[in-house]
Every structure is written in C-alpha cells, then in structure tokens.
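Here's the structure, in structure tokens; my notes come after.
Numbering (the UniProt record's numbering), first residue to last: 1 to 259.
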C-alpha cells in the first residue's frame, strides 16, 4: 500500500495512492495512517493534489557509512556498529520542494537513501528481529543532503546535515515491499550519479531499528535513514535531483541558491 500526504483545496490529508500514471488516484484516509485505515469516500486524481513529505517525524535518525563502498570513497573505515547522527524535523521537505543551498557552504552533495518509517507502536529496547521488523510501518525515499565542506571542517555533523531543506522525503510510504535487495539510484539532470543495492548494507533495517531503540525511543512516524551507496557528488543551483528506490518510487527536487 502506498500512503501519501497531500495538499488539496480543503487543506491536507493522508491518502492511499492507487493506480499508475495519468490514472493514479488518492483515496482520503480518516485521520492518520497508523493502525486500521479507514477511507472517507473522498477521492482525487493524483494530478489534482500536491504531494507533500509523507510524514513529519519527531526525529530523523541517520546512519553513516552503512555501505562499504561509500565508506571507502570517503577514506573511512567500515564501522563495527552503526554510526548515528540526527537531522532536525525542520530539514524535511517533500517532492518538488526546493533544496536550498546555504551561503555557509561551498559544496553540497546528494546522498540517495532508503528511509524507514516507524509504525503505530513505536520501538523501545527491541531485541527480537521479528519485533524490530514489526515496528516498521513502511519505507520511503530520502536524500541526506550534506554540506560536505562543513562535514569535513566541523567536529560533529549537525551543521553539515541540519540545514532547512536538507532532508527530502517521498513521494509516499510503501508499506508492502521487500527491501532485502532493491536498487537505490540517484540521478541529477537525468544523469545517473549513484546506483547501488540495499543488499550491500552493512546493517539491515531490522538491525538498525533494534540498535537505535536501545538508545532512544522511536515514536510513530519517526524516520531512520539507512545510509547511502557510493557515488556522492556536488549539486548546484539549477539542478534537478531524483532519488529512486525500486518498489517504492521516485523523489525529485529542484536545487536553488539562497544568494
């Protein structure tokens, strides 16, 4: 099931996306999408609504160097346990929203990622793999936009990772997809920059949920970014960046300058 958050004439709603292409529709959901889903009877053509970030999490937990090839391209060792950092909720934008290049940075890179969305019961001190998997509501596409020069110069990554618009999410949450071996791709202006597979992750989604849940309680709607494959490169004003995860969809954002 594809769960989207959409803006329409009456405001904002969650909905179930059905169909493909020009015939795709969105069936409005009562309230939030966690738990039993009940539709209101309202339905829109997908082209008649605006897709927003599918969820506004209380926190975004990110995982660094979860692909060995990406660690190597940064000249870093593969971590023995997940390397975590946070993005603020204010960094989240949705499909079509602009990635805004901050004046403080001279090099901003794309990082295509699979994102985990936590379900209705959250997760706290999860030890069993089945429980960790049950805590996952679904998956979406993410771009862990990074001010690379600031990441290199600062002792920690909050500034490099935390600017407004540095966490595009979307286009929707897919609740029924096996992410054991799916393609993760980034294209900039229709040119492929990153192409990897989730099978090359060092730590699986279930492992990450369990690990993080022993550090902080994961609330419904919280997001975990699972790391990026190799191929990170800079983006500049005027670019169009698309992150695709097979079985989920494609998230596209323009890049603009704040100058």
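The beta carbon of each residue, even a glycine, is placed where N, CA and C say it ideally should be.
Could you please give me the residues that DSSP links to residue i through a beta bridge?
i: residue 1; result: Its beta-bridge partners do not exist; DSSP assigns none.
i: residue 95; result: Answer is none; residue 95 lacks a bridge partner.
i: residue 8; result: 11
i: residue 51; result: 6
i: residue 28; result: 15
i: residue 183; result: 197
i: residue 234; result: 109
i: residue 123; result: 218
i: residue 188; result: 191 and 241
i: residue 147; result: 108
Comparing alpha-carbon positions, which option in the options lies nearest residue i?
i: residue 149; options: 106, 187 and 168; result: 106
i: residue 21; options: 257, 255, 250 and 259; result: 250
i: residue 83; options: 233, 201 and 255; result: 201
i: residue 220; options: 122, 156 and 17; result: 122
i: residue 129; options: 79, 188, 206 and 153; result: 206
i: residue 5; options: 32, 24, 19 and 23; result: 32
i: residue 171; options: 141, 192 and 77; result: 141
i: residue 17; options: 47, 34 and 11; result: 47
i: residue 63; options: 87, 9, 41 and 75; result: 87
Where does the unbroken alpha helix (DSSP H) through residue i begin, and where does it stop?
i: residue 174; result: Premise fails: residue 174 lies in the beta strand (DSSP E), 167-174, not in any alpha helix (DSSP H).
i: residue 212; result: 205-213
i: residue 162; result: 158-162
i: residue 83; result: Counting along the chain, residue 83 falls outside any alpha helix (DSSP H), though it belongs to the beta strand (DSSP E) covering 83-87.
i: residue 69; result: 68-73
Can you tell me where the beta strand (DSSP E) holding residue i begins and where it ends?
i: residue 194; result: 191-197
i: residue 217; result: It is not in any beta strand (DSSP E) - residue 217 carries neither H nor E in the DSSP assignment.
i: residue 45; result: 39-45
i: residue 142; result: 136-143
i: residue 242; result: 240-245
i: residue 257; result: 249-257
i: residue 60; result: 60-64
Our contact map puts residue i next to residue j with C-beta atoms below 8 Å; I'd like the distance itself, whole angstroms only.
i: residue 13; j: residue 56; result: With 8 Å as the limit, residue 13 and residue 56 do not qualify as a contact, their Cβ atoms being about 14 Å apart.
i: residue 138; j: residue 186; result: Not a contact, Cβ separation roughly 21 Å.
i: residue 235; j: residue 110; result: 5 Å
Task: Touching by the beta-carbon criterion (3+ pairs, under 8 Å), the segment 222-240 and the segment 103-120 - done: yes
- [ ] Taking 8 Å as the threshold, find out whether the segment 160-168 comes into contact with the segment 123-133 through three or more Cβ pairs.
- [x] no
Open item on the list: Taking 8 Å as the cut-off, does the segment 234-249 touch the segment 207-219 (at least 3 CB pairs, one atom from each stretch)?
Closed with: no
- [ ] Kindly confirm or deny that the segment 91-110 and the segment 43-55 touch, where touching means at least three C-beta pairs closer than 8 Å.
- [x] yes
Task: Inter-stretch contact (C-beta, 8 Å, three-pair minimum) for the segment 142-157 and the segment 165-184 - done: yes
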